Amino acid sequence: MIRVLIADDHKIVRDGLRRILAATTDVQVAAEAATGDEALALVKAQDFDVAMIDMSMPGLSGLDLIKRLKIERPKLRILVLSMHGEQQYAARVLKAGAAGYLNKDSAAELLLSTLRKIAAGGVHIPEAAAAGLVASEKPAHESLSDREFEVLRLLVEGLGPTEIAERLHLSVKTVSTHKTRILEKLNLGSTAELVRYALEQKLV
Numbered sequence: 020m021i022r023v024l025i026a027d028d029h030k031i032v033r034d035g036l037r038r039i040l041a042a043t044t045d046v047q048v049a050a051e052a053a054t055g056d057e058a059l060a061l062v063k064a065q066d067f068d069v070a071m072i073d074m075s076m077p078g079l080s081g082l083d084l085i086k087r088l089k090i091e092r093p094k095l096r097i098l099v100l101s102m103h104g105e106q107q108y109a110a111r112v113l114k115a116g117a118a119g120y121l122n123k124d125s126a127a128e129l130l131l132s133t134l135r136k137i138a139a140g141g142v143h144i145p146e147a148a149a150a151g152l153v154a155s156e157k158p159a160h161e162s163l164s165d166r167e168f169e170v171l172r173l174l175v176e177g178l179g180p181t182e183i184a185e186r187l188h189l190s191v192k193t194v195s196t197h198k199t200r201i202l203e204k205l206n207l208g209s210t211a212e213l214v215r216y217a218l219e220q221k222l223v
């Protein structure tokens with residue numbers, strides 16, 4: 020039996036995933052979490068085979084959450100479910116320690132086959148991401164560090180420096196420094212231009 024932790028801040032998504040998994044005979048939803056912090060606490064307290072986590076949740080989330088979960092349970096298999104573009108995010112989550120990445124638009128059959136593949140020790144790389152990994156010309160945002168990438172993601176979601184500082188447990192000054200570096204690396208002049216860039220690159 021594959022014991023699964025579902026972590027997503029939208030109850031309707033958790034309910035939908037639970038219904039899909041309940042139709043199987045080899046997968047059990049062992050626990051659910053609505054935030055990254057809840058997911059981390061559950062992983063510390065219980066053993067799971069696979070953690071299915073959303074990329075964007077309140078509190079600890081994204082690449083930071085993946086890294087923290089792997090520190091707590093190195094053998095835990097992590098499947099990231101997200102609305103973000105595969106080519107832009109999949110490579111980073113795999114590098115952070117996840118075993119797979121799926122867009123939330125994926126069919127239930129693909130979700131189940133990917134979950135079983137990951138639980139058995141495999142890795143799932145979407146075709147779009149695989150193409151991006153071998154592309155010769157990398158987009159400018161690939162030069163960002165993981166921390167800068169997380170700050171970019173939150174800026175584009177509309178969070179201000181203070182909110183981002185709280186979310187990532189950083190000082191406001193550090194967030195401002197990251198923002199300045201991001202704009203410099205992407206050759207952009209403002210947050211508005213950053214949002215436009217993110218939309219063009221399908222980062223949102």
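Sequential numbering of the sequence shown, starting at 20, is according to the numbering used here.
Virtual Cβ for every residue (Gly too), placed ideally from N, Cα, C.
Keep in mind the model is a prediction, meaning the values are calculated, not measured.
Taking 8 Å as the limit between beta carbons, can you name the residues of its chain near residue i, skipping five residues before and five after?
| i | result |
| --- | --- |
| T193 | A184 |
| L82 | R111, V112, A115, D165, F168 and E169 |
| V62 | L24, A70, L88, E91, R92 and L95 |
| P180 | V191, V194, S195 and K198 |
Distance, Cα to Cα, residue i vs residue j?
| i | j | result |
| --- | --- | --- |
| A217 | L24 | 30 Å |
| A214 | V69 | The question names Ala, but residue 214 in the sequence shown is Val. V214 and V69: Cα-Cα distance of roughly 33 Å. |
| A154 | E167 | Because the pLDDT of A154 is 48, which lies under 50, any placement of that residue in the model is unreliable, and the question is left without a value. |
| A222 | P158 | First, the amino acid is wrong: residue 222 is Leu here, not Ala. C-alpha separation (whole angstroms): 12 Å. |
| L98 | E51 | 14 Å |
| N19 | E161 | This structure cannot settle anything about residue 19, because the visible part of the chain is limited to 20 through 223. |
| S164 | K204 | 11 Å |
| L131 | H188 | 35 Å |
| R33 | M71 | 10 Å |
| E212 | L174 | 11 Å |
| A42 | A49 | 15 Å |
| T196 | T44 | 50 Å |
| N122 | V191 | 32 Å |
| L100 | M74 | 7 Å |
| F67 | L202 | 40 Å |
| R38 | E176 | 29 Å |
| A126 | L36 | 11 Å |
| E219 | A64 | 41 Å |
| L171 | G208 | 14 Å |
With a CB to CB cut of under 7 Å and the five nearest residues on each side skipped, what residues in its chain are close to residue i?
| i | result |
| --- | --- |
| T54 | D28, M76, P77 and G78 |
| V46 | I21, V23, L40 and L134 |
| I137 | V69, R96, L98, A118, G119 and H143 |
Looking at the structure shown, is residue i part of a helix, part of a strand, or coil, going by DSSP?
| i | result |
| --- | --- |
| D73 | strand |
| E176 | coil |
| H160 | helix |
| I137 | helix |
| L183 | The residue you asked about is not Leu; residue 183 is Ile in the sequence shown. Of the three classes helix, strand and coil, the one that applies to I183 here is helix, per DSSP. |
| S209 | coil |
| A217 | helix |
| L222 | coil |
| S155 | Note on S155: pLDDT 44, under 50, position unreliable in the model; no value is reported. |
| H197 | helix |
| K192 | helix |
From which residue to which residue does the beta strand (DSSP E) around residue i run?
| i | result |
| --- | --- |
| I97 | R96 to S101 |
| V23 | I21 to A26 |
Output the boundary residues of the alpha helix (DSSP H) element that contains residue i.
| i | result |
| --- | --- |
| L121 | Unbroken run through L121 is the beta strand (DSSP E), G119 to N122; no alpha helix (DSSP H). |
Quick one: residues in its chain with C-beta nearer than 6 Å to the C-beta of residue i, no 5 flanking neighbours on either side, listed in chain order?
| i | result |
| --- | --- |
| K89 | G116 |
| A26 | A52, A58 and I72 |
| M102 | K123 |
| L84 | G55 |
Subject >> Ranges of the alpha helix (DSSP H) found wholly within the region 30 to 93, counting only runs of at least 4 >> reply: The qualifying runs are 30 to 41, 55 to 64 and 81 to 91.
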